[in-house]
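Visitor:
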Amino acid sequence: MVIPTFNEAANITELLRRISTAVPPCEETSVLFVDDSTDDTPEVIEKEATRLPFKVSVHHRATPAGGLGGAVMEGIARSDSRWIVVMDADLQHPPALLPELIATGERTGAELVVASRYTGGGSHGGLGNRYRVLVSGASTALAKSLFPKLLREVSDPMSGYFAIRRHLVDRAGHTGALRPLGYKILLELIVRCRPRATAEMAYDFGVRHAGESKSTIREGLRFLRHLLRLRTSGTPIRALAFGAIGLSGFLPNLAVLWVLTHRTGLHYTAAEVIANQAGLLWNFVFVDRVLYRDRKRFRTHTRMLSFIALANADLVVRIPLMVLLVAGMGLTPVPATAIALSLVFALRFLCVDRFLYS
Ligand SMILES: Nc1nc2c(ncn2[C@@H]2O[C@H](COP(=O)(O)OP(=O)(O)OP(=O)(O)O)[C@@H](O)[C@H]2O)c(=O)[nH]1
Ligand SMILES: [Mg+2]
1 MVIPTFNEAA
11 NITELLRRIS
21 TAVPPCEETS
31 VLFVDDSTDD
41 TPEVIEKEAT
51 RLPFKVSVHH
61 RATPAGGLGG
71 AVMEGIARSD
81 SRWIVVMDAD
91 LQHPPALLPE
101 LIATGERTGA
111 ELVVASRYTG
121 GGSHGGLGNR
131 YRVLVSGAST
141 ALAKSLFPKL
151 LREVSDPMSG
161 YFAIRRHLVD
171 RAGHTGALRP
181 LGYKILLELI
191 VRCRPRATAE
201 MAYDFGVRHA
211 GESKSTIREG
221 LRFLRHLLRL
231 RTSGTPIRAL
241 AFGAIGLSGF
251 LPNLAVLWVL
261 THRTGLHYTA
271 AEVIANQAGL
281 LWNFVFVDRV
291 LYRDRKRFRT
301 HTRMLSFIAL
311 ANADLVVRIP
321 LMVLLVAGMG
331 LTPVPATAIA
341 LSLVFALRFL
351 CVDRFLYS
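According to my numbering, the sequence shown is numbered sequentially starting from 1.
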C-alpha cells in the first residue's frame, strides 16, 4: 500500500487499525507512507508501526517534490510488490475494501482495479457540499470526454483509491516518465500506461475522519493543466494545436495591419511586416504558456527570439520553394503554395517541438 500523507497525524492510528482488521497478517503486506507533513505524522506512524503484524514504513520527504502526485509516484517507485494499492490517509477510502480490490484484479485478470464512487452501489457522500459534488462530476465528465476510449470502462477516473499491477507501471518505461500534476494520479497512470483490462468496485466515499482537507481551487487549476498536458502528449495532437494557435494569430495580425494602414498611413507592405510580428508574439504566448508550458528548455528571451526567427525564416524559405515548385517542376501556383505551406509548417513545428522545447 502506498499512502500519501500531509499532516494526517490524527488519522494514522485509526487508519492502521482498520487496515490490520481488513488484511490478513502476512509477510507480503506492507504499507509505505510517503509523507510531506509539517506535523508529527511520521512519528505517529513509527510508533504505531511497532504494534502491527505487517511492515509499516514512512518515507518523509524533506522537499515535497510534485506534492501529492509526486509522493504517490515516489511510493510506487519504492515498492516492489506485484500489486500496489494507493489510498488516502483520511479514511475517506474504506480499508475494508483492500482484499477485495486485489482479489477482483486476480479474478478478472485486470491490470488495474479502481474503487469507484460512480458505479452501481457506490456513493460520493463524503464530498460534502454541492459545490464539490459539481466540481467532481464536471471534472469526471471532462476527463471522460477528452479520453473517451481510454476511460470507457472507468466511471471514476478521479478516484484516489485503486490497485495497480506493478508490471503496468513498468510499462511506462520508468516511474520518472510519470509526472502527475496535482491530485489526479490515476488519470496519469491510465493515459501513460494504458491498461489492457480494467475492473471497478463500487464504494462509499466517506467523510474525512479527522484533520483538514488539502484540496483547493489551485489544485483544480492544476488538474486542468494536467488534462491539457496529457491530451497534447501525442505529436499529432500537438501539431494540430500548434496549427490552431497559428491560425488564431491572423486576428492580431489583421487588427494591427488595419490600425497601421488606417491610422498612421504606413504603406501596407511595411505595415504587414510589423503586423506579422504582432501575430507571431500572440502565437508565441499561447505556444509557450499553454502548449509547451511544461517543456521549457531555454530562457524566455531565447525561446521568444528563436520562435520569431523561425517564423520569419518561414517566409524566406517558402517563396523560393514555391518558385522551385512552379518554375522547376511545372506546378500551378495554388498546389505549389499548398505544398510549400505544408512543408514549411511541418518543418517549423518540428523545429519548435524537437529543439526549442523538450
Ligand atoms: N505526501 C503528500 N500527501 C498529500 C499532499 N496533499 C495531500 N496529501 C494527502 O493526500 C490524501 C488526499 O488529500 P485530501 O486533502 O484528503 O484530498 P481530498 O480527499 O481530495 O479532499 P477531502 O475530500 O476534502 O478530504 C490525504 O491522505 C492527504 O494527506 C502532499 O502535498 N503530499
Ligand atoms: Mg480526503
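Glycine residues also receive a C-beta, built at the ideal position from the N, C-alpha and C atoms.
Since the structure is predicted, the reported quantities are computational estimates derived from the model, not experimental observations.
Could you give the first and the last residue of the continuous alpha helix (DSSP H) run that contains R192?
Guide: Start and end: 185 to 193.
Visitor: Would you call the region 200 to 207 and the region 92 to 106 in contact, with 3 or more CB pairs under 8 Å?
Guide: Yes, the region 200 to 207 is in contact with the region 92 to 106.
Visitor: So, is D80 buried or exposed, given that buried needs 16 or more other C-beta atoms within 10 angstroms?
Guide: The residue in question, D80, is exposed, as its Cβ has fewer than 16 Cβ neighbours within 10 Å.
Visitor: Could you give the distance in angstroms between the alpha-carbon of K214 and the alpha-carbon of L127?
Guide: Distance between the alpha carbons of K214 and L127: 13 Å.
Visitor: Only counting the same chain, and skipping five residues up and downstream in sequence, which positions put a Cβ closer than 6 Å to that of D35?
Guide: Once the five neighbours on either side are set aside, the close Cβ partners of D35 are T5, T41, P42, V58, H60.
Visitor: At a threshold of 7 Å, does D90 count as lining ligand 2 (C-beta to nearest heavy atom)?
Guide: Yes.
Visitor: Given this structure, state the Cα-to-Cα distance separating E27 from F162, to the nearest angstrom.
Guide: Roughly 21 Å separates the two Cα atoms.
Visitor: For E8, verify whether its CB is less than 7 Å away from any heavy atom of ligand 1.
Guide: Yes, since a heavy atom of ligand 1 falls inside the 7 Å radius drawn around the Cβ of E8.
Visitor: Between N276 and the rest of its own chain, which residues show a CB-CB distance below 7 Å, the 5 nearest in sequence each way excluded?
Guide: Excluding residues within five positions, the ones whose Cβ falls inside 7 Å are N253.
Visitor: Does ligand 3 have even one heavy atom less than 7 Å from the beta-carbon of D288?
Guide: Absence of ligand 3 is noted for the structure shown, with ligand 1 and ligand 2 being the only ligands found.
Visitor: Under three-state DSSP, which class holds L227?
Guide: DSSP places L227 in helix when its eight states are reduced to three.
Visitor: Using three-state DSSP, classify M73 as helix, strand or coil.
Guide: DSSP places M73 in helix when its eight states are reduced to three.
Visitor: Taking a contact to mean a Cβ-Cβ separation below 8 Å, would you say V23 touches L142 in this structure?
Guide: No, the Cβ-Cβ distance between V23 and L142 is not below 8 Å.
Visitor: State the DSSP-derived secondary structure class of Y268, mapped to helix, strand or coil.
Guide: Correct three-state label for Y268: helix.
Visitor: How about M201 and T104: are their beta carbons less than 8 Å apart?
Guide: Yes; because the gap between Cβ atoms is below 8 Å, this pair is in contact.
Visitor: Which first and last residues belong to the beta strand (DSSP E) in which E200 is found?
Guide: Here the beta strand (DSSP E) through E200 covers 198 to 202.
Visitor: Return yes when the C-beta of T5 is under 7 Å from any heavy atom of ligand 1, and no when it is not.
Guide: Within the cutoff, so yes.
Visitor: If you measure from the CB of P95, is any heavy atom of ligand 1 nearer than 7 Å?
Guide: No, the Cβ of P95 stays beyond 7 Å of every heavy atom of ligand 1.
Visitor: Sorry if obvious, but does the Cβ on K184 come closer than 7 Å to a heavy atom of ligand 1?
Guide: Flag unset: Cβ of K184 not near ligand 1.
Visitor: Can you tell me whether DSSP reads T232 as helix, strand or coil?
Guide: Note: T232 maps to coil in three-state DSSP.
Visitor: Assuming the contact rule is C-beta atoms closer than 8 Å, P157 and L186 should be a hit. Round their C-beta distance to whole Å, please.
Guide: Sure, about 6 Å apart at Cβ, within 8 Å.
Visitor: Would you identify the three-state DSSP class for T140, choosing helix, strand or coil?
Guide: In the structure shown, T140 sits in a helix (DSSP, three-state: H, G or I).
Visitor: Based on Cα-Cα distance, which residue from S116, T232, L112 lies nearest to P195?
Guide: Of the candidates S116, T232, L112, the one whose C-alpha sits nearest the C-alpha of P195 is L112.
Visitor: Look up D294 in the DSSP assignment and say whether it is helix, strand or coil.
Guide: Residue state, collapsed to three classes: coil.
Visitor: How many angstroms separate the CA atom of E272 from the CA atom of L350?
Guide: E272 and L350: Cα-Cα distance of roughly 26 Å.
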